[in-house]
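*Asks:* In the numbering used here, the protein residues as written are 33 to 854.
Just so you know, even glycine gets a beta-carbon here, dropped at the ideal spot from N, CA and C.
Here you go, one structure.
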Amino acid sequence: MTSLGVVGRLTLVLLTMAVVVSAMAAPWAIGAGWIASKAATTLTDTRCDVVEQPLPQRTTILARDGRTVIATLFVQDRTPLALADVPTFLIRALVATEDRRFFEHHGVDLRGLARAALHDSSGGGTQGGSTLTMQYVKQVRYYQATTDAQRQQAIVTDIPRKLADARCALDIEKRNTKSQILQKYLDIAFFGEHSYGIATAAENYFAVPVRALTLPQAAMLVGLVRAPSRYDPFVNPVLANQRRNEVLTNMVETGDLTRADADRVAATPIRLATQTPPIPREGCSYASETVVNAGFFCDYAVQWLATHGYTQQQLYSGGLRVVTTLDPKLQSAGQRAVWKTGLRPGADYALVMPSVDPATGDVTTMITTRRYGLFGQGATTDPLFTAAYAGAGSTYKYFTAVTALAAGAPAGLSITTPGNVYRTGNCASGSYVVHNAGSYPDTMPLSEALPRSSNTYFVAMEDQFFGCKLKPVVDTALALGMDRLRQPRNDTSAGSIAEEVVKSEEPTFTLGQDPTSALQLTGAFAAAVNDGLFCRPTPILRVTDPSGRSLPVKQAACTRVMSRHVARSVVTFMRADTHTGTAAGYFGDWYAKGGSDVAGKTGTDNDAADKDNSALWFVGMTPRLVSAAALVDPRSPKQTVHDLPHMPGPSVGREIFGAYASTYWLAAYGDVLQTQRWEWSVTDAEPGARPVPSVIGQERGAAAAKLKAAGFRAIVFPGACGSPLAPGTVGYQQPPLAVPGTDVSLCLSSGTAPSISGPGSVPVYRQYAPRSFVPSPHSTTHPPATAPPPAPRPPKPPRSRPVRVPLPPVPPIVGTPAPPGD
Numbered sequence: 033m034t035s036l037g038v039v040g041r042l043t044l045v046l047l048t049m050a051v052v053v054s055a056m057a058a059p060w061a062i063g064a065g066w067i068a069s070k071a072a073t074t075l076t077d078t079r080c081d082v083v084e085q086p087l088p089q090r091t092t093i094l095a096r097d098g099r100t101v102i103a104t105l106f107v108q109d110r111t112p113l114a115l116a117d118v119p120t121f122l123i124r125a126l127v128a129t130e131d132r133r134f135f136e137h138h139g140v141d142l143r144g145l146a147r148a149a150l151h152d153s154s155g156g157g158t159q160g161g162s163t164l165t166m167q168y169v170k171q172v173r174y175y176q177a178t179t180d181a182q183r184q185q186a187i188v189t190d191i192p193r194k195l196a197d198a199r200c201a202l203d204i205e206k207r208n209t210k211s212q213i214l215q216k217y218l219d220i221a222f223f224g225e226h227s228y229g230i231a232t233a234a235e236n237y238f239a240v241p242v243r244a245l246t247l248p249q250a251a252m253l254v255g256l257v258r259a260p261s262r263y264d265p266f267v268n269p270v271l272a273n274q275r276r277n278e279v280l281t282n283m284v285e286t287g288d289l290t291r292a293d294a295d296r297v298a299a300t301p302i303r304l305a306t307q308t309p310p311i312p313r314e315g316c317s318y319a320s321e322t323v324v325n326a327g328f329f330c331d332y333a334v335q336w337l338a339t340h341g342y343t344q345q346q347l348y349s350g351g352l353r354v355v356t357t358l359d360p361k362l363q364s365a366g367q368r369a370v371w372k373t374g375l376r377p378g379a380d381y382a383l384v385m386p387s388v389d390p391a392t393g394d395v396t397t398m399i400t401t402r403r404y405g406l407f408g409q410g411a412t413t414d415p416l417f418t419a420a421y422a423g424a425g426s427t428y429k430y431f432t433a434v435t436a437l438a439a440g441a442p443a444g445l446s447i448t449t450p451g452n453v454y455r456t457g458n459c460a461s462g463s464y465v466v467h468n469a470g471s472y473p474d475t476m477p478l479s480e481a482l483p484r485s486s487n488t489y490f491v492a493m494e495d496q497f498f499g500c501k502l503k504p505v506v507d508t509a510l511a512l513g514m515d516r517l518r519q520p521r522n523d524t525s526a527g528s529i530a531e532e533v534v535k536s537e538e539p540t541f542t543l544g545q546d547p548t549s550a551l552q553l554t555g556a557f558a559a560a561v562n563d564g565l566f567c568r569p570t571p572i573l574r575v576t577d578p579s580g581r582s583l584p585v586k587q588a589a590c591t592r593v594m595s596r597h598v599a600r601s602v603v604t605f606m607r608a609d610t611h612t613g614t615a616a617g618y619f620g621d622w623y624a625k626g627g628s629d630v631a632g633k634t635g636t637d638n639d640a641a642d643k644d645n646s647a648l649w650f651v652g653m654t655p656r657l658v659s660a661a662a663l664v665d666p667r668s669p670k671q672t673v674h675d676l677p678h679m680p681g682p683s684v685g686r687e688i689f690g691a692y693a694s695t696y697w698l699a700a701y702g703d704v705l706q707t708q709r710w711e712w713s714v715t716d717a718e719p720g721a722r723p724v725p726s727v728i729g730q731e732r733g734a735a736a737a738k739l740k741a742a743g744f745r746a747i748v749f750p751g752a753c754g755s756p757l758a759p760g761t762v763g764y765q766q767p768p769l770a771v772p773g774t775d776v777s778l779c780l781s782s783g784t785a786p787s788i789s790g791p792g793s794v795p796v797y798r799q800y801a802p803r804s805f806v807p808s809p810h811s812t813t814h815p816p817a818t819a820p821p822p823a824p825r826p827p828k829p830p831r832s833r834p835v836r837v838p839l840p841p842v843p844p845i846v847g848t849p850a851p852p853g854d
């Protein structure tokens, strides 16, 4: 090396000293030399370009109890610490090894920096000279870099970079105490094996909190700071042991440890918590096994946050504490019970069953036979609960019934469809023919048609009561959160499903043949249980930042979609479903054991050939839990039913129906719900309610004036309703009792009464049912001989006894009961 090069490097050392001394305002700065002083003045006026920002931290996702960890999200696995939790011997080991003059200098060690520059001047490259504070500055630069070039520049070890780091180190020392700097250093330092910060390193290598580290463990971790990969104890145990012992020797040299103690510790082997490197358990694929199969819910919660104002950086680096709505006990108990039923995770058919608290919309479980993950039998990360892939069958009759009730249809509204066949006559799309399964009475009231799920009744209701003007029915479904209807039916669709149904006047809408999300359907039914208030399903209770400050959670407010009268009426009808309707045969043991009233609605979709059944649905409801259970093949939703345990009948595609899904609903929730007792609200029993004067047959204006005089507000239904009264006069009104000041719904007559339509010939939509029936000891109807299939635990024969909680009065059943099979 030339003498000019040596002089130049030595000048840089003097320059460095001049900068540092000037910044520290030492009295002897004047003697540093004119050239150095001039340069020092220039550099002293330069501001530090490093801005300290919060370090990336792991986000923790918790169950609704606020304690049970579901999963962690991170880019850097880091948990901040309090310096008070760090053992004193770890701090002494760090200082003895990395910066022995740490407590004496002001961020820059002049002796060390000059020694490093002189060593470099001999041709060996820059050596040492960086204090703990300067190392901290370098790491801040590195982790704030956004490009590879910036990251490479941050770790350059030449003199200009050391000068820049020195400038920043001095500033940081002015703003922080030594203890604060130590804490920041221990939080930002990388210790290898995905361990950012000493707290995570203690967990990953030794499975202990920082405060529980021993001296041998602390010495090994301090040794990793210089070169985490080189001294990785999992990869290079010999080098790791040598480096640990070097740290112990450093402590002896600084007087922090006796030679005898150092030798004793050096003689002990390194004992790690695991034999192999720890796997970074990041994300929903590594959801905690404390809550069984919680990965699907975790993924749903993360995606929900990402679409409700939270950025990827916040979620994966913000150190958030996210308390979700997941009920860990209900989820784990239900999931274990379902896995014992015989439904195999790897089977074609999967059970998908979310639940919500109807009062809040909180999603409390996501139970399925699939396992969340990328590998293994039945493993998937598909959004089974939010995706729409199979038709939900007759569960859509709920939307038609709610809309009819909102228009003023009474519980006893009767429609006649002779011979269990109905052909539409008012739909612009042409004539549709629909059949019932089995034998139904020709004339049925609404209160009976819904729990017994008469196809002909509800298609006739669309055709005759609504005149096939289906916008009010579709709007009801949309208002209840059925958002899949806002999307195109397929790639060739010109508009959304909702637009096509309304424009084409498709009477099969009530038969639920379009793809449906199990979670959306659960939320829709929950509104009826919640007295007509729809609370959109949500997975999040609260979010806080690392300081404990609450962050906004953009929850949609609950909205009133139906009146209390309508909500309570439709719930009353659906309570009959588990007593005398389509699901009655599966609830005999439940009521025999004293279970409270469960409301329900079944649904069955058909396969692509319209010959056999493909998707089985049951929506079960209690005042605090609503859950839609769907048995579908997510990859082939029109596949004929198969691969299910205990399938009844020789021709399973024709002999198994939506009510079968209630088996798994009871398996998942039955044990918990059997310990609870509840009562349903009674229709038209609000305090202060009084009779509403009848305005049936009156003109719209006169009817509104009469209701106003009585203290009520008239709300006119958007569309005419089938009635024999003069067109434009009030054909229907509801409720019969109301609190003064509340709304009374009126529907104007179309001038045509719902009545009789002759039987057709070729069915467009067919539904098959069992051929024979046996009496049920717990009701006056006849459930199918094949129901129920064996549950996880063979049910005890039901005892002959009256229903424990009698249903509110409904019109008497006439004729032969229809088979519970929808």
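1. Going straight from the alpha carbon of Ser808 to that of Arg484, what length do you get?
2. Mind checking which residues open and close the beta strand (DSSP E) that includes Lys372?
3. Report yes if the C-beta distance between Leu663 and Tyr421 is below 9 Å; otherwise report no.
4. By alpha-carbon positions, which one of Lys625, Phe605, Tyr168 and Tyr174 ends up nearest to Gly444?
5. Using the C-alpha atoms, what's the distance from His467 back to Pro669?
6. If I measure Cβ to Cβ from Leu352 and keep anything under 6 Å in the same chain, skipping five residues before and after, which residues do I get?
7. Which value, in whole angstroms, describes the spacing of the CA atoms of Pro377 and Asp639?
8. Any idea if Phe328 is buried or exposed, counting beta-carbon neighbours within 10 angstroms, 16 or more meaning buried?
9. Here's the rule: buried if 16 or more other CB atoms are within 10 angstroms of the residue's CB, otherwise exposed. What is Tyr489?
10. In angstroms, rounded to a whole number, what distance separates the CA positions of Thr715 and Thr427?
11. Quick check: what's the CA-CA separation for Thr654 versus Ile688?
12. Please report how far the alpha carbon of Arg836 lies from the alpha carbon of Ala616, in whole angstroms.
13. Helix or strand or just coil, what does DSSP make of Met594?
14. According to DSSP, is Ser154 part of a helix, a strand, or is it coil?
15. Starting from the N-terminal side, write out each stretch of the beta strand (DSSP E) that is 3 residues or longer and does not extend beyond the region 452-495.
16. For Asn487, count the other beta carbons within 10 Å of its own beta carbon; 16 or more makes it buried, fewer makes it exposed. Which is it?
17. What residue does the alpha helix (DSSP H) around Ala221 start on, and which one ends it?
18. Please list the terminal residues of the continuous beta strand (DSSP E) segment that includes Ala420.
19. Can you look up Leu657 in the DSSP assignment and give me helix, strand or coil?
20. If we ignore side chains and look at the alpha-carbon of each, how far apart do Ser525 and Arg596 end up?
21. How would you label Trp710, buried or exposed, when you count the other beta carbons within 10 angstroms and need 16 or more for buried?
22. By Cβ distance, which residues of its chain are closer than 6 Å to Asp141, with the 5 residues on each side in sequence left out?
23. Asp523: buried (16+ other C-beta within 10 angstroms of its C-beta) or exposed?
24. Please state whether DSSP places Thr306 in a helix, a strand or coil.
25. Ser694 and Gly760 look like a contact to me (Cβ under 8 Å); what is the Cβ gap, rounded to whole Å?
26. Can you tell me which of Val254, Gln108, Pro756 and Ser320 puts its alpha carbon nearest to the alpha carbon of Gly405?
27. Identify whether Asp380 lies in helix, strand or coil by the three-state DSSP scheme.
28. Exposed or buried, Ala344, counting other C-beta atoms within 10 Å across all chains shown (16 or more means buried)?
29. Counting beta carbon pairs with one atom in the region 524-540 and one in the region 452-465, are three or more of them shorter than 8 Å?
30. Name the DSSP beta bridge partners of Cys753, please?
31. Shortest alpha-carbon distance to Ala103 belongs to which of Val270, Val334 and Ala125?
32. In the DSSP output, which residue or residues are listed as bridge partners for Pro386?
33. Tell me the rounded alpha-carbon separation between Gly890 and Thr614.
34. Measuring only the C-alpha atoms, how far is Arg516 from Ile728?
35. Can you look up Asn277 in the DSSP assignment and give me helix, strand or coil?
36. Roughly how many angstroms separate the alpha carbons of Arg276 and Gln108, rounded to a whole number?
*Replies:* In this structure, then:
1. Along the sequence shown, one-based indexing puts residue 808 at 776. Along the sequence shown, one-based indexing puts residue 484 at 452. Residue confidence for Ser808 is low, a pLDDT of 30 falling below 50, so the modelled location carries little weight and cannot support an answer.
2. Residue mapping note: residue 372 aligns to position 340 of the sequence shown, counting from 1. From DSSP, Lys372 is part of no beta strand (DSSP E); its letter is neither H nor E.
3. Mapped onto the sequence shown, residue 663 falls at position 631. Mapped onto the sequence shown, residue 421 falls at position 389. Not closer than 9 Å, so no.
4. The residue given as residue 444 occupies position 412 in the sequence shown. Residue Phe605 is the option with its Cα nearest to Gly444.
5. By one-based count along the sequence shown, residue 669 stands at place 637. By one-based count along the sequence shown, residue 467 stands at place 435. Distance between the alpha carbons of Pro669 and His467: 23 Å.
6. In the sequence shown, the residue the question calls residue 352 occupies position 320. Thr91 and Val575, listed in sequence order.
7. Here residue 377 refers to the residue found at position 345 when the sequence shown is read from its first residue. Here residue 639 refers to the residue found at position 607 when the sequence shown is read from its first residue. Looking at the two C-alpha atoms, the distance is approximately 22 Å.
8. As a working mapping, residue 328 is identified with position 296 in the sequence shown. The residue in question, Phe328, is buried, as its Cβ has 16 or more Cβ neighbours within 10 Å.
9. Indexing the sequence shown from 1 puts residue 489 at position 457. Tyr489 should be labelled buried.
10. Counting from 1 along the sequence shown, the entry for residue 715 is found at position 683. Counting from 1 along the sequence shown, the entry for residue 427 is found at position 395. Spanning the two alpha carbons is a distance of roughly 22 Å.
11. The residue labelled residue 654 in the question sits at position 622 within the sequence shown. The residue labelled residue 688 in the question sits at position 656 within the sequence shown. For Thr654 and Ile688, the distance between alpha carbons rounds to 25 Å.
12. Against the sequence shown, residue 836 aligns to sequence position 804. Against the sequence shown, residue 616 aligns to sequence position 584. Low per-residue confidence applies at Arg836: pLDDT is 30, beneath 50, and the placement is therefore not dependable, though the value from the model is reported in the following sentence. One C-alpha to the other measures close to 14 Å.
13. Taking the sequence shown and counting its residues from 1, one reaches residue 594 at position 562. DSSP, reduced to helix, strand and coil, places Met594 outside both helices and strands of the structure shown, so it counts as coil.
14. Taking the sequence shown and counting its residues from 1, the one referred to as residue 154 is at position 122. For Ser154, the predicted model reports a pLDDT of 44, less than 50, meaning its position is unreliable and no value from the coordinates is stated.
15. 453-455, 465-467 and 475-477
16. Counting from one through the sequence shown, the residue named residue 487 turns up at place 455. Buried: at least 16 other Cβ atoms inside 10 Å.
17. Position 189 of the sequence shown, counting from 1, holds the residue named residue 221. Neither: Ala221 is in no alpha helix (DSSP H) and is coded neither H nor E.
18. Your numbering for residue 420 matches position 388 in the sequence shown. Unbroken beta strand (DSSP E) run through Ala420: Ala420 to Gly423.
19. Translated into the one-based positions of the sequence shown, residue 657 becomes position 625. Reduced to three states, the DSSP call for Leu657 is strand.
20. Within the sequence shown, numbered from 1, the residue matching residue 525 stands at position 493. Within the sequence shown, numbered from 1, the residue matching residue 596 stands at position 564. The C-alpha of Arg596 is placed about 37 Å away from the C-alpha of Ser525.
21. In the sequence shown, the residue the question calls residue 710 occupies position 678. Burial call: exposed.
22. The residue you call residue 141 lines up with position 109 of the sequence shown. Only Arg133 and Thr163 meet the Cβ criterion.
23. The sequence position of residue 523 within the sequence shown is 491, counting from 1. Sixteen is the threshold: since fewer than 16 other Cβ atoms of the shown chains lie within 10 Å of the Cβ of Asp523, the residue is exposed.
24. Along the sequence shown, read from residue 1 onward, the residue named residue 306 stands at position 274. Thr306 falls in the coil class under three-state DSSP.
25. Counted from its first residue, the sequence shown places residue 694 at position 662. Counted from its first residue, the sequence shown places residue 760 at position 728. Not quite, the Cβ-Cβ distance comes to about 45 Å (not below 8 Å), so this is no contact.
26. What you label residue 405 is simply residue 373 of the sequence shown in a count that begins at 1. Checked all of Val254, Gln108, Pro756 and Ser320; the closest Cα to Gly405 is Ser320.
27. Counted from its first residue, the sequence shown places residue 380 at position 348. Note: Asp380 maps to coil in three-state DSSP.
28. Indexing the sequence shown from 1 puts residue 344 at position 312. A quick correction: the sequence has Gln, not Ala, at residue 344. Gln344 should be labelled exposed.
29. Between the region 452-465 and the region 524-540, the count of C-beta pairs closer than 8 Å reaches three or more; the two stretches touch.
30. Your numbering for residue 753 matches position 721 in the sequence shown. For Cys753, the beta-bridge partners assigned by DSSP are Ser781.
31. For the purposes of this step, residue 103 is taken as the residue at position 71 of the sequence shown. Residue Val334 is the option with its Cα nearest to Ala103.
32. The residue given as residue 386 occupies position 354 in the sequence shown. Met398.
33. Nothing about residue 890 can be reported from this structure: the residues present for the chain run from 33 to 854 only.
34. For the purposes of this step, residue 516 is taken as the residue at position 484 of the sequence shown. For the purposes of this step, residue 728 is taken as the residue at position 696 of the sequence shown. Rounded to whole angstroms, Arg516 to Ile728 spans 37 Å at the Cα level.
35. One-based indexing of the sequence shown puts residue 277 at position 245. Helix.
36. Along the sequence shown, one-based indexing puts residue 276 at 244. Along the sequence shown, one-based indexing puts residue 108 at 76. Roughly 25 Å between the two C-alpha positions.
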